[in-house]
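Engineer: Please find one structure pasted underneath; my questions will follow.
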Amino acid sequence: MKEPHVRSDLKYHFVWCTKYRAKVLTEEIRPICRDLIRDACKKHNLYIDHGKIAVDHIHLVIQGPASLSPSEIMHQLKGSVAHELLTLHPELTASQPKSNLWARGFYVASVGRTDPEIINNYLLEHEGTEIKEESPDD
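Sequential numbering of the sequence shown, starting at 261, is according to the working numbering.
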């Protein structure tokens, strides 16, 4: 991703669940939820690699800017999607004591790796002092 003075390749796999694992993400709700997730990602400069919406949880692999932590990304996505979805369908939380659509936590893992050859070539093209120590055989 490009930001002023920053180039990054940060991909995350997120999973988050509905409150009490309630099975509220029905066939009718999923396309609406999908569109809200897409809109929220565009708004926050996030690129969706792929994802799935199940009846009680969501998997999402996204690429994000270096300026946003995984917690900030999740806060933005869960907050905006829940707000819009509950505005359209307030019945989604009718059976719950509080009007929260999502459970408090989430899972996140970093995804992918950069080829070491790419990093080595990048470093070879730049001037500067070598950080790596010379081996005793040199």
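The beta carbon of each residue, even a glycine, is placed where N, CA and C say it ideally should be.
Identify, in the order they occur along the chain, each residue of the same chain with its Cβ nearer than 7 Å to the Cβ of I292, setting aside the five sequence neighbours on each side.
Structural biologist: These residues qualify, in order along the chain: L345, L348.
Engineer: At the level of alpha carbons, what is the spacing between K312 and H273?
Structural biologist: Taking the straight line joining both Cα atoms gives about 11 Å.
Engineer: Kindly give me the distance between the Cβ atoms of K283 and V315, rounded to whole angstroms, as I take these residues to be in contact under 8 Å.
Structural biologist: Indeed, because the Cβ distance is near 4 Å, the residues count as touching under 8 Å.
Engineer: Along the chain, where does the alpha helix (DSSP H) containing G365 start, and where does it finish?
Structural biologist: Run containing G365: none; DSSP gives neither H nor E here.
Engineer: Is it the case that the Cβ atoms of Q356 and Y280 are separated by a distance below 8 Å?
Structural biologist: For Q356 and Y280, yes; Cβs fall inside 8 Å.
Engineer: What residue range is occupied by the uninterrupted alpha helix (DSSP H) comprising V341?
Structural biologist: Per DSSP, V341 belongs to the alpha helix (DSSP H) from 330-348.
Engineer: Okay, do the region 358-370 and the region 289-309 touch, 3+ Cβ pairs below 8 Å being the bar?
Structural biologist: Flag = no, the region 358-370 and the region 289-309 do not touch.
Engineer: With D295 as the anchor, note down where its alpha helix (DSSP H) starts and where it stops.
Structural biologist: D295 -> alpha helix (DSSP H) spans 290-303.
Engineer: Use the C-beta contact count for T286: other C-beta atoms within 10 angstroms, 16 or more gives buried, fewer gives exposed.
Structural biologist: Exposed.
Engineer: Give the secondary structure of K279 by DSSP, where H, G and I count as helix, E and B as strand, and everything else as coil.
Structural biologist: Correct three-state label for K279: helix.
Engineer: For K338, count neighbouring C-beta atoms within 10 Å of its own C-beta (all shown protein chains included) and say buried if the count is 16 or more, exposed if not.
Structural biologist: Its Cβ being crowded by 16 or more others within 10 Å, K338 is buried.
Engineer: Have a look at the DSSP bridge pairing and note the partners of K312.
Structural biologist: In DSSP, K312 forms a bridge with H319.
Engineer: By how many angstroms is the C-alpha of N381 removed from the C-alpha of I391?
Structural biologist: The pLDDT assigned to I391 is 48, lower than 50, so where the model puts this residue is not dependable, and the model offers no usable value.
Engineer: Spatial neighbours of M261 within its chain, please: CB distance less than 8 Å, with the 5 preceding and 5 following residues excluded, ordered by chain position.
Structural biologist: Contacts found: R267, S268, D269, L270, N305, Y307, Q323, G324, P325, A326.
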